[in-house]
Amino acid sequence: MKYLDLIFKVYIYLFIFSAKFVYANKIIVTTQDWSPYQVSNNGKLSGITTDMVICIFKKMNKNYDIMVLPWARAQESVKNGKANAFYAAFVTSRRNKYAVPSNSLVEQNWLWVMKKNSKLDPDSKSFRLNTTIGVKFSTALEDFLSDNNYNITDRVKQSSQLIDMLNLGRFDALLTAESIFYNDLKIKKLSKSDFKIVFHSKNSLVFYFSKKYVELNPSIVETFNSYISVCREK
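According to our numbering, the sequence shown is numbered sequentially starting from 975.
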């Protein structure tokens, strides 16, 4: 009887160990459809950061699954332990509470965008208090504006909506990432000259690993970082 009990305990131990091994060796990643960084087309995922991430995982011999979700859900899935990582994201204190950022994948400028003839000055004291602002929901841009007490009046799920709403006078200015804004302009067949654009800051887009996943894989972030420059050049 004791012998059978010992075998049973060994079986349970091996089952739990193998489950953890599989979990630790296949990474479940979430992202959003966010051209030009992540582009989902007929079930195929590509884009600037996606190509880098796939290149890095191949060099690491790492099995992975990438799921395209609404951005808020993509982050929440990692926060709740349903996924192991998400990308591409700007670094924020909120995200750092439950995830660990990689080194920079790409650098990206943040821009203030206003109507072409706008007299608003983003560097003035009155801008923060009196200017109505639109921003994409559940982003680092929104976090920045909220944390610094800007007057956010409109939050949208798709960045391209912001351009139409600005032109319709729904708000005075929007804060956006440069490549995203220019990509939206291209789709809408608009020009940079149609707007007043003011540089805000330069920021890094990173790959975020959940803290729980890093606990199981202590060297994962360092190994991932070691291949970034190689895969960026491809």
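No residue lacks a Cβ here, since even glycine has one placed at the ideal position from N, Cα and C.
Q: Going by DSSP, name the residue or residues bridged to N1083.
A: K1176
Q. Going by DSSP, what residues sit across from L1140 in a beta bridge?
A. DSSP lists no partner for L1140.
**Q.** Beta-carbon proximity of N1199 to S1076, cut-off 8 Å
**A.** yes
**Q.** Beta-carbon proximity of Y1011 to A1063, cut-off 8 Å
**A.** no
Q: Look up K1170 in the DSSP assignment and give the residues it is bridged to.
A: M1088
**Q.** Straight-line gap, Y997 to D1121 (C-alpha atoms, nearest Å)
**A.** Since pLDDT at Y997 reaches only 43, below the 50 mark, its modelled position is unreliable, and the value read off the structure follows with that caveat. Cα to Cα, the separation comes out at about 36 Å.
Q.
Spatial neighbours of K1090 within its chain, please: C-beta separation below 8 Å, excluding the five flanking residues on both sides.
A. S1167, D1168, F1169 and K1170
Q) Which residue comes first and which comes last in the alpha helix (DSSP H) that contains F1101? A) K1099 to N1104
**Q.** Start-end ranges of the beta strand (DSSP E) lying completely within the segment 1014-1082, minimum 3 residues
**A.** 1018-1020, 1037-1042, 1059-1064 and 1073-1075
Q.
Please report the distance separating the alpha-carbon of S1100 from that of T1106.
A. 11 Å
Q. Quick one: Cα of M1026 to Cα of V1204, how far?
A. 9 Å
**Q.** For Q1082 and R1206, the rounded distance between their alpha carbons
**A.** 14 Å
Q: Take T1197 and list the residues in its own chain whose beta-carbon comes closer than 7 Å to its own, dropping the five residues that flank it on each side.
A: M1034
Q: Return yes when the Cβ of N1104 is within less than 8 Å of the Cβ of S1009, no when it is not.
A: no
Q) Between the Cα of H1174 and the Cα atoms of K1160, L1190, T1150 and L1164, which residue gives the shortest distance? A) T1150
**Q.** N- and C-terminal bounds of the alpha helix (DSSP H) containing N1157
**A.** E1152 to K1162
Q: Could you tell me whether the Cβ atoms of S1153 and L1159 are closer together than 8 Å?
A: no
Q.
Comparing C-alpha positions only, which one of Y1072, K1032, F1118 and L1190 sits nearest to L1085?
A. F1118
Q | Where G1108 falls, given that 16 or more other Cβ within 10 Å makes a residue buried | A | buried
**Q.** Proximal residues to L1094 (C-beta, below 7 Å), its chain only, five neighbours per side dropped
**A.** M1088, F1101, T1105, D1146 and A1147
Q: Could you check what DSSP says for V1109 in three-state terms: helix, strand or coil?
A: strand
Q. Are the segment 1183-1192 and the segment 1013-1022 in contact at 8 Å, needing three or more beta carbon pairs?
A. no
Q: Could you check what DSSP says for Y1182 in three-state terms: helix, strand or coil?
A: strand
Q.
Using the Cβ count rule (16 or more neighbours within 10 Å means buried), how would you classify R1068?
A. exposed
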